[in-house]
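Undergrad: Pasting in a structure now, in structure tokens, and then I'll have a few things to ask.
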Amino acid sequence: MVSAKAGIDWTVGFADLDPAQFPMLWALTPYGDAVFNQRQVPLLLAELDRLPADLSGEWVGQARELCQIVERGTHLYLWFIGD
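Per full-length UniProt numbering, numbering through the sequence shown is continuous, rising by one, with the last residue being 83.
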């Protein structure tokens with residue numbers, strides 16, 4: 001098991017993300033969990049590439065690293081754990 005320490009700063013910007021353009025990130029909620037499989041991780045990475053700068057932060061780099069681990073492995077999942 002690998003984990004990251006940075007959390008997402010839940011600003012109004014996340015609520016304003018267009019679910020058609022950011023379906024993977026739109027699945028994240030501050031209080032619920034979200035799980036991404038190996039087929040969803042490349043989509044999540046593409047969304048992180050075009051994430052508005054005001055929503056970025058340390059968590060983006062850590063999420064990228066964890067996405068790469070999932071992509072290289074077998075039967076691995078990326079979990080975002082809410083409060």
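Here a beta-carbon is modelled for each residue, glycine too, at the ideal position from N, C-alpha and C.
1. With a CB to CB cut of under 7 Å and the five nearest residues on each side skipped, what residues in its chain are close to V41?
2. Determine the direct distance from the alpha carbon of L17 to that of D33, and round the result to whole angstroms.
3. Note down the Cα distance separating L45 from P23, rounded to an integer number of angstroms.
4. Return helix, strand or coil for L78, following the three-state DSSP convention.
5. Pull up the distance between the alpha-carbon of V60 and that of L76, whole angstroms please.
TA: In this structure, then:
1. C67, V70, E71 and L78
2. 18 Å
3. 12 Å
4. strand
5. 19 Å
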